[in-house]
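Peer 1:
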Ligand code: COA
Ligand code: ZN
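Residue numbers (the working numbering): 27 to 336.
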């Protein structure tokens, strides 16, 4: 069996937070069940944010309560502040995610706080989580570029990662929130960090706006990173990051990694069922490139199986 890679499915949170069509709790749970059946064991299922600002996440409590009880299922909730953290802890979660963007403009639009305030709020959440026996991952959002202020200097990301790791985050999710990065930048960001803190401390969260996500994921692999976020069918986009398209599709990432000899523990056929549910729920056509290929193979097989009419 190949070397293990760890994929966190973020479609239920990053993917659904931006959908114009309301997705029912029941549909979210159908999707979660299909993902788990496909082998997903890391699930960022909800966020505990203001329900008026992100109504798509207003049913976070019900979604968490309805998830199947599966051994080794690692569920995360994104929490922007202490209030969100308290709400997550009440649900018995063992892991939370905080998020700090790289510029004041982005932090203010997203969380109504400056970068310094967001960092302080995130460090408080991480500290409290650790005291309470929870673990915390930390997103550096806009790590490659800010939707408002343009490309992000590498040293800004390095300084933030250091602060968050020293503050107790066990994983830094380097996020190309608007899909504006390239593989060279990934190497420039990750090589020094991996050398200093080890590859286990890093995860890549990529959006595929310009079709660079898989190339960037592979650049991460070459730096030693084995943890990635993705979303089923390529769902995604952030309401506070104009121009962002979906996350890299889980099925494309799984295909690339498995084809290259890694073991993701996730089945492509299983993901295909999950994509069908996500399509029904969001009333959108979804699916990564590999799904288009799988569908074309099915169409070919079906055509061959047709008896000749003449
Ligand atoms: N969950 C629910 N309600 C929250 C909350 C949370 N995590 N944090 C604050 N609130 C409530 C407060 O209790 C207060 O309620 P009240 O008016 O009934 O007293 C109200 O929101 C205002 O509190 P304040 O601390 O001033 O928050 P804010 O208005 O500055 O908003 C956030 C801050 C973080 C809550 C808001 O910007 C937000 O929810 N952003 C989410 C953005 C997002 O999801 N982005 C995508 C993922 S990164
Ligand atoms: Zn994202």
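Backbone N, C-alpha and C fix where the C-beta goes; we use that ideal spot for every residue, glycine too. What you are looking at is a predicted structure, and each value in this text was computed from that prediction instead of being measured.
Does DSSP put residue 88 in a helix, in a strand, or in coil?
Peer 2: In the structure shown, residue 88 sits in a helix (DSSP, three-state: H, G or I).
Peer 1: Less than 8 Å between C-beta atoms, sequence neighbours within five positions excluded: which residues of the same chain meet that for residue 156?
Peer 2: Here the set comprises 162, 194.
Peer 1: I'd like to check one pair, residue 186 with residue 151: are the Cβ atoms closer than 8 Å?
Peer 2: No.
Peer 1: Just to check my reading of the structure: residue 62 and residue 96 have Cβ atoms closer than 8 Å, yes? What is that Cβ distance to the nearest angstrom?
Peer 2: Confirmed, Cβ separation roughly 6 Å.
Peer 1: Between the C-alpha atoms of residue 278 and residue 179, what's the straight-line distance to the nearest angstrom?
Peer 2: Roughly 29 Å separates the two Cα atoms.
Peer 1: Since residue 31 and residue 289 are thought to touch, with beta carbons under 8 Å apart, how far apart are those beta carbons, to the nearest angstrom?
Peer 2: 7 Å between Cβ atoms; contact.
Peer 1: Would you say the beta carbon of residue 229 is closer than 7 Å to some non-hydrogen atom of the ligand MN?
Peer 2: Ligands displayed in this structure: the ligand COA and the ligand ZN; the ligand MN is not among them.
Peer 1: Spatial neighbours of residue 304 within its chain, please: C-beta separation below 7 Å, excluding the five flanking residues on both sides.
Peer 2: So the qualifying residues of the chain are 37, 57, 258, 259, 261, 312.
Peer 1: Do you know offhand how far residue 139's Cα is from residue 98's?
Peer 2: If you take the alpha carbons of residue 139 and residue 98, they lie about 35 Å apart.
Peer 1: Is the stretch 307-321 touching the stretch 64-81, taking contact as three or more C-beta pairs under 8 Å?
Peer 2: Verdict: no, contact absent.
Peer 1: Let me know the secondary structure DSSP gives residue 33 once reduced to three states.
Peer 2: In this structure, residue 33 counts as strand in the three-state DSSP scheme.
Peer 1: Could you tell me which residues DSSP puts in a beta bridge with residue 50?
Peer 2: Partner(s): none; residue 50 has no beta bridge.
Peer 1: Taking the runs of the alpha helix (DSSP H) that are 4 residues or longer, which of them lie wholly in the stretch 231-277?
Peer 2: Those alpha helix (DSSP H) runs which fall completely within the stretch 231-277 and span 4+ residues are 239-248.
Peer 1: Which class does residue 96 belong to by DSSP, given the choice of helix, strand or coil?
Peer 2: Reduced to three states, the DSSP call for residue 96 is coil.
Peer 1: Would you say residue 30 touches the ligand COA, meaning its beta carbon is less than 7 Å from a heavy atom?
Peer 2: It does not: the Cβ of residue 30 is nowhere closer than 7 Å to a heavy atom of the ligand COA.
Peer 1: Taking C-beta to C-beta, are residue 250 and residue 280 nearer than 8 Å?
Peer 2: No, they are not a contact pair.
Peer 1: Is it right to say residue 282 is buried, meaning 16 or more other beta carbons lie within 10 angstroms of its own, or is it exposed?
Peer 2: Classification for residue 282: buried.
Peer 1: For the putative contact between residue 35 and residue 256, defined by C-beta atoms under 8 Å, what is the C-beta separation to the nearest angstrom?
Peer 2: Going by Cβ atoms, the distance from residue 35 to residue 256 rounds to 7 Å, so yes, they are a contact pair.
Peer 1: Counting only runs that start and end within the stretch 167-219, where is the beta strand (DSSP E) found for 3 or more residues in a row?
Peer 2: Runs of the beta strand (DSSP E) inside the stretch 167-219: 197-202.
Peer 1: Taking 8 Å as the threshold (C-beta atoms), are residue 169 and residue 215 in contact?
Peer 2: It is a contact, given that the beta carbons lie within the stated cut-off.
Peer 1: Roughly how many angstroms lie between the CA atoms of residue 333 and residue 299, to the nearest whole one?
Peer 2: When rounded, the distance between both Cα atoms is 28 Å.
Peer 1: With residue 321 as the anchor, note down where its alpha helix (DSSP H) starts and where it stops.
Peer 2: First-last of the alpha helix (DSSP H) with residue 321: 315-331.
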